[in-house]
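Encoded as structure tokens, the structure appears first; notes follow it.
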Amino acid sequence: MDNKADIQPSAELAAFAAGLDYDDLPASTREFARNWFVDSIASALASDLSDETRRYAQFARAAGGAGEASVFGTNDRLSLIGASLINAYQITAVTVCDTYVPAHVHIGPEIIPPALAIAERDGANGRSLLTAIAAGAEVAVRVAAGIDYEVAGPMGWHFPGIVGPFGAAAAVGRLRGLTPLQMRNAFGLAGSQAAGTWASWGTPTVKFHQSRGAVSGLLAGLLAEQDFTSSSEILTHPDGGMLAAYSDGGRPDAILDGIAERYELERISLRLWPGGTPLQPTLTAVFDLITAERPVFSEIEEVRVSVARSVYDDHVRFAAPKGTFELLLSFPFTVASALRDGRFWLDSIGPDRAANPELNQFMKERVELVADAGLTREQSALDVRMKDGRTLGARAGAAKGTPGNPASLDDVQDKYARCAAGRYSDADAGELLDLLTRIDELESLERVLELLRAAGPRPGG
Amino acid sequence: MTEQPTRELADFLSSLTYEALPDHIRERVTDIILDTVASAIAGRHGDETRQVEALASAIGGPRSSTVIAAAPSSLAGATLTNGYQVTAVTVCDIHRPTLCHVTPEVVPPALAIAEERGASGRDFLVAVAAGLEAVVRVGAGMNYRAMRARGWHSPGVIGPFGGAAAVASLLGLDAERFRNALSLAGTQSAGTFAHWGTPTIKFHQSRGALSGLMAGLLAEQGFPAGPEILAAETGGLFKLYSDGGNPAAVTAGLGERWELETISLRLWPAASSIQSVITAVLALVEEHDLQPGNVTGIDVGLSRTVYDMHGTLPWNDKFRALLSTPYVTGVVLHDRRCWLDQFAAERIGDAALDRFIRDRIAVAIDDSVEGTGALVTVRTSDGRALVDRRAYPRGDAADPLTRDEIIAKFRDAADGLIDRDATDRAIEMLVGLADVPKISDLCAALSRPMARAA
């Protein structure tokens, strides 16, 4: 561990973030960053489907107060801190936002809202915004790689509140044009606020980590702009550096490995369907099968779902799920629901769904979950026997939306359409999507922000 | 999980009333609040206070909350700024067993919410008592030695519990919401010694105050949080920030013994760990009428821990001069007092003083000195060696400041920042806090109008 502590990555990571220009980003990175941005906004537009969002909005208003920054889905503008709190919560509210799988961390909720608030206040253009959030995402995933979730996760740390502040500080700092030294101080201030543990698992407080992470980065960036100083080496300091305090010394080499050449942010996964990460490969196989074969639900005799042994062990107990939390972890329910409806979305997991007799019978009698030693956690296979004796199959080598099977712009647009449905007129929904997908061409963000504020209540919602 | 210290602490604190506080605890909390406000006024002289104020301004929001001896800010902004001011010139409280400044995290969010919600002085006093007790008791459960070994700095880790408890008390949260507030505080615990020697070490107090405020306000909405943030097997603070800690210590003697009495106050700006040095030097100066010209050398013996933190830092700016044993020893010998003018740029830059310190003051580890004690030996030109040994300084929990001493500190701090009438009014209200109908009246005496603060 001694030689690990000799590496001083904070200054170099800060110089990268402070100096990142739009022109430095490879075309593939820009494309990914745009898709990720659209996906994050889409996720926020689904947030009205969570019970806690309204309560959280009241909190954000009480803590932050009225101000100049737009809040998605309301004409009430809040302070930078208030808007960052509620917009971050909205992105993560119904758990369809991004995940950087190696660190079990959501990235967009922490980074995009404070960056958007600053960009709005300062009248920044879309290119600056996209560059800033790309810088933020890259910093967050690299800090995550350095701390090493393999060690820190089992200890009890939940990463959005820990690496998120770094990403948000980088994005805010880039928009504010911080010098490399100021950026290093911003990272120090971000680290001084890194918090959040799995003690809150099963409660919405795990989502508070994302929201609070966004505010932490905002404060870090704005205070560093005042030339407030902090640790010269927040990452690898032996006494209280991130890699020591939150891990076992971590992997300091990973922080800068291939920086500015390889954009690690492209390995962030987007989530096209609700449900736990381990179910996403199976959902991928189900929809590949539906697209290719269009099986009629009532003609299905039997479905065999194969997953990795560890996935099987974690999930086999959810064969008869009760409540939304268990529905999202139940393979039989998810497969039955998707095959019957040809879709799987947030309305597929309503409270009455567990009791649906047709689904229940199918789950019980026709779906079998099996462990297959030949599969990794990222893979799943589906074998379907029809009543007429035909056999159909599909196999997902990686879940749709993950680096091994990236989401296309079409996929993200489909998700956006589901999230925005009912909240806009067709014309407004189309206009917002068009603007979001070419955010880096926009000289002004005003119309985007106007449309984001204008998202209305969902009929019957 | 059998132990539920978070629940038990929340149950107790959520039902805490003024009547339940023994007289001497009411008086003690009154003293602590008076001292905290004095420290916050002095904090206007902190070099970085303007930077935090600029941050508070940048985050936006209506300027409806009082910043002590300054122009109003938003609720969050005032909490951040007051949190920083209390600790800015290193003259605030110190809980030595956990090396934690407690008041910066507790009093500012309580003041902001009390002002906003129209609370009385009595409500405020109970809330601050709840907050102080929460921090010290969570700290007792932490096992500080193990926590420190992992790099953690107490104010940002255990401090949020105090802000959350104080706010939750003012908001009248029931036991379950109170527990959620504590849990939401713990889910924001942060701050390490990686920042030692930079002002970010003080930002932990400021951010800790804001974390407590947010925890209380989010819990008010009925937002659920983990049931046992302290002792949970996975992600509980005692395991994650320490070695499992001592959960039973959190609630031992709860309501019978008031742990907040173990909080120390300070008469002098300068690091808590070198207050014994100041106590010793001032005692020697007074007893022997020492003149710098007659002093040929001073040896200061410190424990290893204190030496590592305060023995070797340069003293080229105010922030570090306040933490420097050689500088503090020299300037106190010369000026026969220790207040903010001893840390002004001109004084730090005085070449003769600087030379005296470098030539004649030697700071070293002395194995006979424990904790934050000090052994000061002054050698004089007539060949004497004058010795003063201190196990603890003036203001320590074992030798508490008198109310008159705290009032004198308040007046020193307010001089030039708050006019005399307002100072008198503020002191009167703070001393009679339990009878103040509205905290907003106190805030009015402490606030400076926009125009004057510009």
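So the sequence lines, in the order shown, correspond to chains F and U.
So the working numbering is basically just the index in the first sequence, starting at one, shifted up by 110.
So the working numbering is basically just the index in the second sequence, starting at one, shifted up by 179.
In this text, a Cβ means the ideal position worked out from N, Cα and C, and glycines have one as well.
With a threshold of 7 Å on Cβ separation, who are the neighbours of residue i within its own chain once the five nearest residues in sequence on each side are excluded?
i: residue 601 (chain U); result: 624
i: residue 416 (chain F); result: 480, 482, 485, 490 and 491
i: residue 537 (chain F); result: none
i: residue 594 (chain U); result: none
i: residue 280 (chain U); result: 266, 271, 272, 273, 334 and 384
i: residue 231 (chain U); result: 259, 260, 263 and 385
i: residue 576 (chain U); result: 440, 441, 442 and 443
i: residue 460 (chain U); result: 508, 511, 512 and 555
i: residue 322 (chain F); result: 271
i: residue 420 (chain F); result: 487
For residue i, I'd like the list of residues in its chain whose CB is within less than 6 Å of its CB, leaving aside the five on either flank, ordered along the chain.
i: residue 367 (chain U); result: 339 and 390
i: residue 189 (chain F); result: 174, 175 and 177
i: residue 319 (chain U); result: 428
i: residue 365 (chain U); result: 408 and 416
i: residue 321 (chain U); result: 421 and 424
i: residue 121 (chain F); result: 294
i: residue 567 (chain U); result: 459, 462, 463 and 555
i: residue 117 (chain F); result: 346 and 362
Ends of the beta strand (DSSP E) at residue i?
i: residue 433 (chain F); result: Here residue 433 (chain F) belongs to no beta strand (DSSP E); instead the alpha helix (DSSP H) covers 433 to 437.
i: residue 180 (chain F); result: 176 to 181
i: residue 544 (chain U); result: 540 to 544
In this structure, what does DSSP give as the bridge partners for residue i?
i: residue 267 (chain F); result: F:307
i: residue 496 (chain F); result: F:410
i: residue 316 (chain F); result: Looking at the DSSP assignment, residue 316 (chain F) forms no beta bridge with any residue, so it has no partner.
i: residue 273 (chain U); result: U:443
i: residue 556 (chain U); result: U:478 and U:566
i: residue 160 (chain U); result: Because chain U here runs from 180 to 633, residue 160 (chain U) falls outside it and cannot be looked at.
i: residue 436 (chain U); result: U:433
i: residue 279 (chain U); result: U:274
i: residue 210 (chain F); result: F:215
i: residue 491 (chain F); result: F:416 and F:505
i: residue 480 (chain F); result: F:416
i: residue 379 (chain F); result: F:209
Which residues in the same chain as residue i place their Cβ atom closer than 8 Å to its Cβ, once the five residues preceding and following it in sequence are excluded?
i: residue 192 (chain U); result: 309, 312, 313, 344, 347, 348 and 357
i: residue 204 (chain U); result: 308, 437, 439 and 440
i: residue 289 (chain F); result: 128
i: residue 613 (chain U); result: 197, 205, 209, 300, 301 and 304
i: residue 474 (chain U); result: 512, 539, 557, 558, 559 and 560
Starting from residue i, trace the alpha helix (DSSP H) both ways and give me its first and last residue.
i: residue 193 (chain U); result: 184 to 193
i: residue 527 (chain U); result: 524 to 527
i: residue 295 (chain F); result: 290 to 301
i: residue 501 (chain F); result: Careful: residue 501 (chain F) lies outside any alpha helix (DSSP H), inside the beta strand (DSSP E) at 501 to 506.
i: residue 621 (chain U); result: 618 to 625
i: residue 187 (chain F); result: Segment 184 to 188 is the beta strand (DSSP E) holding residue 187 (chain F); no alpha helix (DSSP H) there.
i: residue 108 (chain F); result: The requested residue 108 (chain F) is not part of the displayed model; chain F covers only 111 to 571.
i: residue 417 (chain U); result: 416 to 419
Residue i touches chain A at which residues, Cβ-Cβ below 7 Å?
i: residue 241 (chain U); result: Note that chain A does not occur in the displayed structure, where the protein chains are F and U.
Is it the case that the region 497 to 506 of chain F contacts the region 122 to 139 of chain F, given that we only count it when at least three CB pairs across the two stretches are under 8 Å? Short answer: they don't touch.
Under 8 Å, with one C-beta from each stretch per pair, do the region 535 to 544 of chain U and the region 499 to 513 of chain U reach the 3-pair mark? yes
Could you say if the region 288 to 304 of chain F and the region 372 to 381 of chain U meet the contact criterion of at least three C-beta pairs nearer than 8 Å? The answer is yes - the region 372 to 381 of chain U touches the region 288 to 304 of chain F, with three or more Cβ pairs under 8 Å.
Proximal residues, the region 395 to 421 of chain U versus chain F, C-beta separation under 8 Å: 396, 397, 399, 400, 401, 402, 403, 404, 405, 407, 408, 411, 413, 414, 415, 416, 418 and 419
Cβ-based contacts, 8 Å cut-off: residues of the region 147 to 176 of chain F near chain U: So the close ones are 162, 165, 166, 168, 169, 172, 173, 174, 175 and 176.
Can you list, in chain order, the residues of the region 215 to 231 of chain U whose Cβ is nearer than 9 Å to any Cβ on chain F? 227, 229, 230 and 231
Evaluate contact between the region 253 to 273 of chain U and the region 345 to 365 of chain F, counting only Cβ atoms and requiring at least three cross-stretch pairs below 8 Å. no
Compile a chain-ordered list of the residues in the region 329 to 347 of chain U whose CB is closer than 8 Å to at least one CB of chain F. 329, 330, 331, 332 and 335
Please confirm if the region 396 to 414 of chain F is in contact with the region 426 to 439 of chain F, defined as three or more CB-CB distances below 8 Å between the two stretches. no
Scan the region 358 to 389 of chain U for residues whose Cβ lies nearer than 9 Å to a Cβ of chain F and list them as they occur along the chain. Listed by position, the residues of the region 358 to 389 of chain U near chain F (Cβ gap below 9 Å) are 359, 362, 363, 365, 366, 367, 368, 369, 370, 371, 372, 373, 374, 375, 376, 377, 378, 379, 380, 382, 383, 386 and 389.
Give, in chain order, every residue of the region 252 to 282 of chain U whose Cβ lies closer than 9 Å to some Cβ of chain F. Listed by position along the chain: 253, 254, 255, 256 and 259.
Pairs of beta-carbons, one from the region 505 to 514 of chain F and one from the region 370 to 382 of chain F, closer than 8 Å: are there three or more? yes
Against chain U: residues of the region 305 to 318 of chain F by CB proximity under 9 Å: 305, 306, 307, 308, 309, 310, 311, 312, 313, 314, 315, 316 and 318
Pairs of beta-carbons, one from the region 599 to 613 of chain U and one from the region 221 to 231 of chain U, closer than 8 Å: are there three or more? no
Are the region 239 to 252 of chain F and the region 195 to 207 of chain F touching by the rule of at least three beta carbon pairs closer than 8 Å? Touching, no.
Which residues, taken in chain order from the region 291 to 323 of chain U, show a beta carbon closer than 8 Å to some beta carbon of chain F? Taking 8 Å as the Cβ-Cβ cut-off against chain F, none of the residues of the region 291 to 323 of chain U qualify.
Name the residues in the region 282 to 294 of chain F whose C-beta lies less than 9 Å from a C-beta of chain U; which are they? none
With 9 Å as the limit, tell me which residues of the region 318 to 337 of chain F have their beta carbon closer than that to any beta carbon of chain U; keep them in chain order. 318, 319, 322, 325, 326, 328, 329, 332, 333, 335, 336 and 337
If you pair each beta-carbon of the region 232 to 245 of chain F with each one of the region 141 to 153 of chain F, do three or more pairs fall below 8 Å? yes
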